[in-house]
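*Asks:* Under the numbering used here, the first residue of the sequence shown carries the number 1, and numbering increases by one thereafter.
Yeah, the Cβ is synthetic: ideal placement off N, Cα and C, and Gly gets one too.
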Amino acid sequence: MKAICFIAAALCLCSGTFAAPGNLAESCLSGDAFRKPLFEQETFRQERYRWAATDATVLIPAPTFTFAGLSLGETLCDVRDGVPVRFRIQLYSRGHHGPLTDEAFLQKLRETRSAISDQLGNPGKENNRKTDPTRNSYNVGGWQWATPQLLVRMEYSVRPVGAKIRPTPEYLRLTLVPAQAAGAAPAAQAPSRPPERRVQRQNGYTEIVGIPMVDQGRLGYCAPAAAARILAYYGHEELDQHQIAQWAKSDAEGGTNPEVMFKGIRRVLHDQYKINVRELLEMDVPDLRQLVNRYNTFAARKQKPTVVFPTGGVIYVNDLWKKFDGPTLREARCSNRNQLRQFETQIRASIDKGHPLLWSVFLGLIPENPPLPQSSGGHMRLIIGYGGSASAPEIVYTDTWGAGHERKTMSLADAFTITHGLRSVSPRLN
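Okay, here's the thing in structure tokens:
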């Protein structure tokens with residue numbers, strides 16, 4: 001029985017005083033929003049933003065904008081050459097905002113649809129409902145409006161009325177794109193595509209390129225955000241961290257337990273998206289006890305405090321890891337050369353195939369650069385490469401904290417020191 005629990009601290013966005021919310025509808029309907037560089041537009045000049053991915057996506061915090069009189073939450077603006085090409089707006093997600101009754105959610109749907117119809121001057125049309133592949137008992141529904149300048153898509157997911165279990169609202173979101181970009185949305189159950197020569201070798205490093213950034217923002221969503229990045233890499237941009245958090249039963253402030261997460265998504269990924277999730281390293285209770293014993297041997301030699309492993313009851317893994325001294329733990333773990341070599345071999349084999357790795361770690365034991373928004377505790381990130389020299393091997397990794405965290409390096413020894421889980425996620429091509 002697994003006992004590892006990951007708790008990701010909430011990420012705080014920059015604070016400050018914002019101007020009164022701007023009208024995003026006016027900017028989009030005039031066409032200005034999609035013609036000029038984002039920060040040269042009058043609508044956007046007075047606001048403060050955060051790059052979710054350098055030169056690719058801007059995170060616009062609430063309450064910056066309204067649309068059709070609707071107060072918008074945090075919004076992602078995708079840009080190309082500095083010019084907006086898409087706005088992605090989360091109006092509601094159960095994992096973020098908490099549960100709503102089915103009556104309250106249906107009322108929110110009606111109000112949203114009515115407000116957009118009034119703003120755009122047409123009633124729009126309903127998209128065909130379909131079964132959500134992530135949860136067979138759920139319906140994915142939507143509405144779409146088109147004007148000469150703008151296409152608006154509203155999407156939501158809820159268990160249908162009449163099911164044996166009462167409806168459970170899941171999410172409500174908007175997508176705004178210029179009218180000329182009004183192509184069909186990708187099929188939710190399209191098979192995963194293999195990476196197209198995305199492994200790059202240069203300057204002594206072998207690494208995967210082209211993995212989109214997903215910024216977890218204020219949420220404790222490191223695990224869903226990391227999984228969403230891998231899914232987007234394999235061609236499934238329609239799946240976001242909020243949906244994955246539903247499978248994970250995440251709590252926005254308390255983080256995600258990846259054991260629950262992967263139990264929920266492994267079946268969906270395997271059956272619906274032809275993606276395999278395989279554990280390469282996972283510390284269970286005996287492994288953790290063995291690590292504590294090994295650590296205590298080295299701690300005693302250095303006259304450092306030893307760690308007492310609980311003999312019964314609940315094991316609070318975060319509390320246990322916090323008791324380790326980083327340099328002593330590094331000596332203890334890396335003294336097992338076979339395990340260290342196996343860790344390196346698994347990373348190299350996966351990266352050479354173009355398969356990123358989900359990497360579960362405990363923060364705060366070794367210094368990292370740039371500084372992290374989360375000072376300690378369980379966290380999930382991606383390993384995307386390896387390099388360095390034979391005498392000083394390194395890994396290349398990335399975090400879900402937006403710009404500045406796309407590509408970072410760490411010594412293999414330090415990486416192994418803080419590791420308590422490693423999983424490969426690869427497309428099933430047959």
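From the DSSP output, in three-state form, read off Q339 for me.
*Replies:* Q339 falls in the helix class under three-state DSSP.
*Asks:* Going by C-alpha distance, which of L106, S117, Q180, T147 is nearest S157?
*Replies:* Cα-wise, what sits closest to S157 is L106.
*Asks:* Below 8 Å on the Cβ atoms is my contact criterion, and I expect L363 with L372 to pass it. Report the Cβ-Cβ distance as a whole number of Å.
*Replies:* 6 Å
*Asks:* Measuring CA to CA, which of T147, A392, Q216 is closest to A179?
*Replies:* T147
*Asks:* Could you check whether F65 and L72 sit closer than 9 Å to each other, using their CB atoms as the reference points?
*Replies:* yes
*Asks:* So what does DSSP say about R289, is it helix, strand or coil?
*Replies:* helix
*Asks:* For P99, which option in E170, G31, A68, R86 has the closest C-alpha, if you only look at C-alpha atoms?
*Replies:* E170
*Asks:* From what residue to what residue does the alpha helix (DSSP H) around F67 run?
*Replies:* No alpha helix (DSSP H) holds F67; the beta strand (DSSP E) holding it covers 65-67.
*Asks:* Please list the segments of the beta strand (DSSP E) lying wholly inside the segment 203-237, counting only runs of 3 or more residues, in order along the chain.
*Replies:* 205-208
*Asks:* By Cβ distance below 8 Å, which residues in the same chain neighbour A185 in space, the five residues on each side in sequence not counted?
*Replies:* Because the pLDDT of A185 is 41, which lies under 50, any placement of that residue in the model is unreliable, and the number read from its coordinates should be weighed accordingly. Take A185, set aside five residues on each side of it, and the residues of its chain with a beta-carbon closer than 8 Å to its own are R153, E238, in chain order.
*Asks:* Following the continuous beta strand (DSSP E) through S360, name the residue where it begins and the one where it ends.
*Replies:* 357-363
*Asks:* Taking the C-alpha atoms as reference points, what is the distance between L288 and S335?
*Replies:* 16 Å
*Asks:* Could you pull the start and end residues of the alpha helix (DSSP H) that K108 belongs to?
*Replies:* Segment 102-120, the alpha helix (DSSP H) holding K108.
*Asks:* To the nearest angstrom, how far is it from the Cα of A68 to the Cα of G421?
*Replies:* 45 Å
*Asks:* Quick check on the burial criterion: 16 or more other C-beta atoms within 10 angstroms. Buried or exposed for Y397?
*Replies:* Of the other Cβ atoms in all chains shown, 16 or more fall within 10 Å of the Cβ of Y397; this residue is therefore buried.
*Asks:* Please state whether DSSP places Y273 in a helix, a strand or coil.
*Replies:* coil
*Asks:* How is the beta strand (DSSP E) around D78 delimited, first residue to last?
*Replies:* Counted as a single uninterrupted DSSP element, the beta strand (DSSP E) harbouring D78 occupies residues 75-80.
*Asks:* Using DSSP with H/G/I as helix, E/B as strand and the rest coil, what is F6?
*Replies:* The predicted model places F6 with a pLDDT of 29, which falls under 50 and marks its position as unreliable; any figure quoted below should be read in that light. Coil at F6, not helix or strand.
*Asks:* Is T147 helix, strand or coil by DSSP?
*Replies:* coil
*Asks:* Taking P327 as part of the alpha helix (DSSP H), name the residues at either end of that continuous run.
*Replies:* Residues 326-334.
*Asks:* I'd like the span of the beta strand (DSSP E) that includes T419, first residue to last.
*Replies:* 419-427
*Asks:* Quick check: what's the CA-CA separation for D414 versus S350?
*Replies:* 19 Å
*Asks:* Apply the 10 Å Cβ neighbour rule to Q202 and answer buried if 16 or more other Cβ atoms are within range, or exposed otherwise.
*Replies:* exposed
*Asks:* Please state whether DSSP places K36 in a helix, a strand or coil.
*Replies:* DSSP places K36 in coil when its eight states are reduced to three.
*Asks:* Out of E111, A228, R35, R113, which one is the CA nearest neighbour of Q149?
*Replies:* Closest by alpha carbon: R35.
*Asks:* Between the alpha carbons of G377 and N318, how many angstroms are there, rounded?
*Replies:* Here the C-alpha atom of G377 lies approximately 6 Å from the C-alpha atom of N318.
*Asks:* With a threshold of 16 other CB atoms inside 10 Å of the CB of L424, please say whether the residue is buried or exposed.
*Replies:* Just to set this straight, residue 424 is Ser in the shown sequence, not Leu. It is buried - the Cβ of S424 has at least 16 other Cβ atoms within 10 Å.
*Asks:* Got a sec? Which residues, its chain only, sit under 6 Å from D215 by beta carbon, not counting five neighbours each side?
*Replies:* In chain order, A52, L59, G402 place their CB closer than 6 Å to the CB of D215, counting only its own chain and leaving out the 5 sequence neighbours on each side.
*Asks:* If you draw a straight line from the C-alpha of A104 to the C-alpha of V199, how long is it?
*Replies:* A104 and V199 have their alpha carbons spaced roughly 48 Å apart.
*Asks:* Distance cutoff 9 Å, beta carbons only. Does Q290 sit that close to anything in chain C?
*Replies:* Included in the structure is just one protein chain, with no chain C present.
*Asks:* Can you give the Cα-Cα distance for F39 and F416, rounded to whole angstroms?
*Replies:* 42 Å
*Asks:* For E406 and C222, I'd like the C-alpha separation in whole angstroms.
*Replies:* Within the model, the alpha-carbon separation for E406 versus C222 is close to 14 Å.
*Asks:* Is R88 helix, strand or coil when you go by DSSP?
*Replies:* Note: R88 maps to strand in three-state DSSP.
*Asks:* Rounded to the nearest angstrom, how far is the Cβ of L281 from that of F324, given a contact under 8 Å?
*Replies:* Their Cβ separation, rounded to whole angstroms, is 18 Å, which puts L281 and F324 out of contact at 8 Å.
*Asks:* Bridge partners of H379, per DSSP?
*Replies:* The partner list for H379 (beta bridge, DSSP) reads V361.
*Asks:* Just tell me which of T57, E368, H379 has its CA closest to the CA of A226.
*Replies:* The option with the nearest alpha carbon to A226 is H379.
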